[in-house]
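Trainee: In the working numbering, the protein residues as written are 7 to 330.
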Ligand code: NAD
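Have a look at this one:
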């Protein structure tokens, strides 16, 4: 798995925000399975009730339905917490191109509220979700922390602002913050039904419901698709990373890129279907290529992901076969 040997003081308590979402619910599951006490916080805006219901009766789990835009809720959620894994945010680059202001509210104000609440509660580490989208229009590959371009969407801008808050809170307010720049995460529980669904669950849903898969552009855009287990590892290792690691953000990916066409072919092969996709106009705000350098996350967080894209992809497809 890559995080079996990560240990925490007995009685450690975690807060996972965005716990009804894809990544948050996987973090909750993993922490509960490891015997930790976990509190979840989510307003169920893009998250799903069934991701809450799955754990709600577990003795080590507690769920608060609430909004990170409300500072009092954030304070209540942080009471007695040792580690915060902050995932709550509005995702989706295309949605942010249509509704930029709600991103400001949820992602910037919401994250600032959470950092302040965590500081007041004396939280040991505040680990938060950033995104590879902060690299913006930089053509440099692989993407290395410190070599960002101009952001291409309001969503990416919110993540960049979160990172600046994380630096300030670490340097000036005594809250150790670590940002994780996730690169195209995929795996179980990723929602295929949303209008803004991520590419992998969206393709699977189309194939399984007999619809033609639609690819934006020529499909030669590439992504560093990252399996959820690697993201869990990065979160847990960030909690125990040395103080020198704080105040910065790190790439979280496997470090290998596949084009959307290659991913689609592999999907067809594993699902045993022969299909041709339909190609659409490229999408505004999308980047052409993405590939992460793992040098800094390995060095400062001890992150050594054990799931390659192809290994994770066949696990994810098994789950989708049973759940879509
Ligand atoms: P998701 O939409 O499945 O989960 C986000 C959760 O946050 C949802 O359950 C939603 O209801 C909740 N939420 C949103 N606004 C909230 C608010 N104001 N108050 C309380 N809860 C709120 O998305 P995800 O894919 O699990 O993403 C988790 C985090 O990782 C996000 O911060 C996202 O920007 C980041 N990220 C994800 C990816 C990816 O590939 N999935 C890539 C880069 C970054």
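C-beta atoms are modelled at their ideal positions from N, C-alpha and C, and glycine is treated no differently. Fair warning: this is a prediction, and the values are worked out from it, not measured in the lab.
1. Is it true that the region 229-248 meets the region 271-281, where meeting means three or more beta-carbon pairs spaced less than 8 angstroms apart?
2. Helix, strand or coil: how does DSSP classify residue 153 here?
3. By a C-beta neighbour count over all protein chains shown, 10 Å radius and 16 as the cutoff for buried, is residue 290 buried or exposed?
4. Should residue 136 be listed as close to the ligand NAD, given that the test is whether its C-beta is under 8 angstroms from any heavy atom?
5. How would you call residue 63, buried or exposed, if buried means at least 16 neighbouring beta carbons within 10 angstroms?
6. Tell me the rounded alpha-carbon separation between residue 286 and residue 201.
7. Using only alpha-carbon positions, find the residue among 193, 234 and 208 that is nearest to residue 199.
8. Just to confirm the assignment, what range does the alpha helix (DSSP H) spanning residue 328 have?
9. Could you check which residue in 162, 35 and 78 has the C-alpha nearest to that of residue 96?
10. How close, in whole Å, do the beta carbons of residue 66 and residue 42 come, if the pair is a contact with beta carbons under 8 angstroms?
11. How about residue 33 and residue 91: are their beta carbons less than 9 angstroms apart?
12. Touching or not, the region 117-133 and the region 174-183, by the rule of three or more beta carbon pairs under 8 angstroms?
13. Quick one: measure Cβ to Cβ for residue 232 and residue 188, integer angstroms, because I've assumed they're closer than 8 angstroms.
14. I want to check one thing, is the minimum distance from the CB of residue 247 to the heavy atoms of the ligand NAD below 8 angstroms?
15. Report yes or no: do three or more beta-carbon pairs, one from the region 100-115 and one from the region 268-278, lie closer than 8 angstroms?
16. Sorry if obvious, but does the Cβ on residue 242 come closer than 8 angstroms to a heavy atom of the ligand NAD?
17. Using DSSP with H/G/I as helix, E/B as strand and the rest coil, what is residue 298?
18. From the DSSP output, which residues share a beta bridge with residue 131?
19. What I want to know is whether the C-beta of residue 191 ends up closer than 8 angstroms to one or more non-hydrogen atoms of the ligand NAD.
20. Could you tell me if the beta carbon of residue 54 falls within a distance shorter than 8 angstroms of some heavy atom in the ligand NAD?
21. Inspect the beta-carbon positions of residue 251 and residue 307 and report whether they are closer than 9 angstroms.
22. Can you list, in chain order, the residues of its chain whose CB lies under 8 angstroms from that of residue 276, leaving out five sequence neighbours each side?
23. Here's a check: name, in chain order, each residue in its chain whose Cβ is nearer than 6 angstroms to the Cβ of residue 288, leaving out the five neighbours to either side.
24. Going along the chain, which residues of its own chain have a beta-carbon closer than 6 angstroms to the beta-carbon of residue 302, five neighbours each way excluded?
25. CA-CA distance, residue 17 and residue 125?
26. In chain order, which continuous runs of the alpha helix (DSSP H) of length 4 or greater are located wholly inside the region 238-288?
27. Note down, in chain order, each residue of its chain lying with its Cβ closer than 8 angstroms to the Cβ of residue 210, except the 5 sequence neighbours on either side.
28. Within the continuous alpha helix (DSSP H) that includes residue 210, where are the two ends?
29. Helix, strand or coil for residue 136 per DSSP?
Mentor: Here's the rundown:
1. no
2. Counting from one through the chain shown, the residue named residue 153 turns up at place 147. It is coil, neither helix nor strand.
3. Position 284 of the chain shown, counting from 1, holds the residue named residue 290. Flag for residue 290 reads exposed.
4. Position 130 of the chain shown, counted from the start, is the residue given in the question as residue 136. True, at least one ligand heavy atom lies under 8 angstroms from that Cβ.
5. In the chain shown, counting from the first residue as 1, residue 63 sits at position 57. So residue 63 counts as exposed.
6. Within the chain shown, residue 286 is the residue found at index 280, counting from 1. Within the chain shown, residue 201 is the residue found at index 195, counting from 1. In a straight line, the C-alpha of residue 286 is about 16 angstroms away from that of residue 201.
7. Looking up residue 199 in the chain shown gives position 193. Closest option to residue 199, Cα to Cα, is 208.
8. Here residue 328 is taken as the residue at index 322 of the chain shown, counted from 1. Residues 315-329.
9. Residue numbering aside, residue 96 sits at position 90 when the chain shown is read from its first letter. Considering only alpha carbons, the answer is 162.
10. In the chain shown, residue 66 corresponds to position 60, counting from 1. In the chain shown, residue 42 corresponds to position 36, counting from 1. Indeed, because the Cβ distance is near 7 angstroms, the residues count as touching under 8 angstroms.
11. The residue you call residue 33 lines up with position 27 of the chain shown. The residue you call residue 91 lines up with position 85 of the chain shown. Their beta carbons are under 9 angstroms apart, which means residue 33 touches residue 91 by this criterion.
12. yes
13. Taking the chain shown and counting its residues from 1, the one referred to as residue 232 is at position 226. Taking the chain shown and counting its residues from 1, the one referred to as residue 188 is at position 182. With a Cβ gap of about 7 angstroms, residue 232 and residue 188 count as contacting.
14. As a position in the chain shown, residue 247 is number 241, starting the count at 1. Result no, Cβ not under 8 angstroms from the ligand NAD.
15. no
16. Here residue 242 refers to the residue found at position 236 of the chain shown. No, the beta carbon of residue 242 sits no closer than 8 angstroms to any heavy atom of the ligand NAD.
17. Taking the chain shown and counting its residues from 1, one reaches residue 298 at position 292. In this structure, residue 298 counts as strand in the three-state DSSP scheme.
18. Stepping through the chain shown from its first residue, residue 131 is reached at position 125. In DSSP, residue 131 forms a bridge with 89.
19. Position 185 of the chain shown holds residue 191. Correct: residue 191 has its Cβ closer than 8 angstroms to the ligand NAD.
20. Within the chain shown, residue 54 is the residue found at index 48, counting from 1. Yes, since a heavy atom of the ligand NAD falls inside the 8 angstroms radius drawn around the Cβ of residue 54.
21. As a position in the chain shown, residue 251 is number 245, starting the count at 1. As a position in the chain shown, residue 307 is number 301, starting the count at 1. For residue 251 and residue 307, yes; Cβs fall inside 9 angstroms.
22. Against the chain shown, residue 276 aligns to sequence position 270. Within the same chain, residue 276 has close Cβ partners 319, 320 and 323.
23. As a position in the chain shown, residue 288 is number 282, starting the count at 1. Counting only Cβ-Cβ distances below 6 angstroms, and skipping sequence neighbours, we find 222 and 223.
24. Taking the chain shown and counting its residues from 1, the one referred to as residue 302 is at position 296. Closer than 6 angstroms at the Cβ level, and outside the excluded window around residue 302, lie 151 and 256.
25. The count along the chain shown starts at 1 and reaches residue 17 at position 11. The count along the chain shown starts at 1 and reaches residue 125 at position 119. Distance between the alpha carbons of residue 17 and residue 125: 20 angstroms.
26. 266-277
27. Here the question's residue 210 lines up with position 204 in the chain shown. Cβ neighbours of residue 210 beyond the five flanking positions: 198, 273, 277, 323, 326 and 330.
28. Counting from one through the chain shown, the residue named residue 210 turns up at place 204. Taken as a continuous stretch (DSSP letters only), the alpha helix (DSSP H) holding residue 210 covers 205-214.
29. As a first step, residue 136 must be located in the chain shown, where it is residue number 130. Residue 136 falls in the strand class under three-state DSSP.
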